[in-house]
Amino acid sequence: MRHFLTLKDFTKEEILEIIDIGLTIKKNLKNKVYNKELENQTLAMIFEKSSTRTRVSFETGMTQLGGHALFLSNRDIHLGRGEPIKDTARVISSMCDMVMIRTFEHSMIEEFASYSKVPVINGLTDTYHPVQLLADYMTLLEHNSADNLVVAYVGDGNNMTHSWMMLCAKLGFELRIATPKGYEVDEKVLEESLEIAKQSGAVIKTMNDPKVAVKDATVVTTDTWTSMGQEDEKEERIKIFNGFMVDDAMMSLAKDEAKFLHCLPAYRGLEVSEELFEKHSKIVFNEAENRLHAQKGLMVWLDRQRDL
Ligand code: CP
Ligand code: NVA
9 MRHFLTLKDF TKEEILEIID IGLTIKKNLK NKVYNKELEN QTLAMIFEKS STRTRVSFET
69 GMTQLGGHAL FLSNRDIHLG RGEPIKDTAR VISSMCDMVM IRTFEHSMIE EFASYSKVPV
129 INGLTDTYHP VQLLADYMTL LEHNSADNLV VAYVGDGNNM THSWMMLCAK LGFELRIATP
189 KGYEVDEKVL EESLEIAKQS GAVIKTMNDP KVAVKDATVV TTDTWTSMGQ EDEKEERIKI
249 FNGFMVDDAM MSLAKDEAKF LHCLPAYRGL EVSEELFEKH SKIVFNEAEN RLHAQKGLMV
309 WLDRQRDL
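So the sequence shown is numbered by the numbering used here: it starts at 9 and just counts up by one.
Written out as structure tokens, the structure reads:
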């Protein structure tokens, strides 16, 4: 049995296999050929933070695969009132077939997984957002943009950045990360990804000048400057991140056919301009839709592992 907590635990071949299953299920769905591999299974979804895409995609995905999804907010279950994580894990995993968790500390999900009898999926922690990267890479494959990849990430060194670093280290492309000083990526995640990168030939560069990062990039991506849990810092961050907005001027430095990705939600006038966002909205909303397909690939893959 495997958990999906970070891309660090997966090989390149496994990551591509998961995405490939998702693409096949997507293609079949468009032809009204339905994969019901998770019939009679229940996915428990524990949310300690808000969500639009993660909730809708996991719940819909589970329904389409013939199963059922349970939405459990921490306001409704005893976890939010202090029932230990290890007890919650043992109870839920004795009744459900898979668990998806969106929470703050990454250690929470690690502890949950260590007590869980069923696969646990990271639906976002403060450190990683790996399911989003499955959808992002699937989108680049569909747009024939996955070869000779040079990705520029502009903005906050956060969970999205860390997951880009792990994807890059595993798949072996070039990633340039531009953050303001003091908002760099986590040192430990950087060290780990650079170590993995030695095997794949990936190049990961960190810097503080977004223009240098974006120059001749084939993909430009960003994320909110204020992640969930940092709301009190919002005003200060808006001042510090001045100059890090991805707009037409910034994008013009990238390759002519460069793609723009955003995990959403997108804050116009902050990390991205309204004009730039709308120009690239087709690919961005395909990226959002691909959460559904990539995660179906993931759930099917995790279920198949259990039978091996
Ligand atoms: N990108 C993403 O995870 O969106 P939600 O926060 O809406 O789930
Ligand atoms: N970095 C953002 C991602 C939202 C999908 C956050 O953690 O709020």
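The beta carbon of each residue, even a glycine, is placed where N, CA and C say it ideally should be.
Please look up how many angstroms separate the CB atoms of residue i and residue j, rounded, as I've assumed it's under 8 Å.
i	j	result
residue 163	residue 192	At roughly 11 Å, the Cβ-Cβ gap does not stay under 8 Å, so residue 163 and residue 192 are not in contact.
residue 298	residue 147	5 Å
residue 76	residue 50	5 Å
residue 253	residue 280	6 Å
residue 182	residue 158	5 Å
residue 189	residue 156	Actually they do not touch by this definition, with Cβ atoms about 30 Å apart.
residue 309	residue 29	6 Å
residue 249	residue 259	Not confirmed; about 17 Å, so no contact.
residue 139	residue 306	7 Å
Just to confirm, are residue i and residue j a CB contact at a threshold of 9 Å?
i	j	result
residue 54	residue 87	yes
residue 120	residue 134	no
residue 210	residue 251	no
residue 106	residue 129	yes
residue 288	residue 231	no
residue 247	residue 33	no
residue 171	residue 137	yes
residue 168	residue 204	no
residue 104	residue 78	yes
residue 46	residue 311	yes
residue 27	residue 149	yes
residue 283	residue 255	yes
residue 266	residue 212	no
residue 197	residue 9	no
residue 219	residue 261	yes
residue 42	residue 48	no
residue 31	residue 52	no
Report buried or exposed for residue i, applying the criterion of at least 16 other Cβ atoms within 10 angstroms of its Cβ.
i	result
residue 19	exposed
residue 39	exposed
residue 110	buried
residue 15	buried
residue 131	buried
residue 62	buried
residue 257	exposed
residue 145	buried
residue 316	exposed
residue 187	buried
residue 64	exposed
residue 69	buried
residue 71	exposed
Using a Cβ-Cβ cutoff of less than 8 Å, which residues in the same chain neighbour residue i once the five nearest sequence positions on both sides are dropped?
i	result
residue 237	57, 112 and 134
residue 93	87, 116, 119, 120 and 123
residue 202	177 and 212
residue 313	9, 10 and 127
residue 208	20, 177, 178, 179 and 180
Leaving aside the five residues before and after residue i along the sequence, list all residues of the same chain whose C-beta is less than 7 Å from its C-beta, in chain order.
i	result
residue 143	295, 298, 299 and 302
residue 241	234
residue 278	233, 246 and 253
residue 275	232
residue 2	There is simply no residue 2 to check, as the chain begins at 9 and stops at 316 in what is shown.
If I measure Cβ to Cβ from residue i and keep anything under 6 Å in the same chain, skipping five residues before and after, which residues do I get?
i	result
residue 160	184, 221, 222, 225 and 228
residue 98	123
residue 82	56 and 88
residue 154	148
residue 101	124, 125 and 126
residue 141	171 and 175
residue 239	none
residue 286	none
residue 67	77
residue 96	87
Between residue i and chain C, is any beta-carbon pair separated by less than 9 Å?
i	result
residue 192	The structure shown contains no chain C, having only a single protein chain.
Minimum length 4: unbroken alpha helix (DSSP H) runs contained in the region 34-96: The region 34-96 is shown to contain whole alpha helix (DSSP H) runs of 4 or more residues at 61-72, in chain order.
Length-filtered (3 minimum) beta strand (DSSP E) runs lying within the region 176-200: As far as the region 176-200 is concerned, its whole beta strand (DSSP E) runs of at least 3 residues are 182-186.
Within the region 204-271, note down every full beta strand (DSSP E) run reaching 3 residues or more, in order along the chain. Those beta strand (DSSP E) runs which fall completely within the region 204-271 and span 3+ residues are 211-215, 227-230 and 267-270.
Completely contained beta strand (DSSP E) runs for the region 86-166, where each covers 3 or more residues: Counting only runs of 3 or more, we get 106-110, 128-130 and 158-162.
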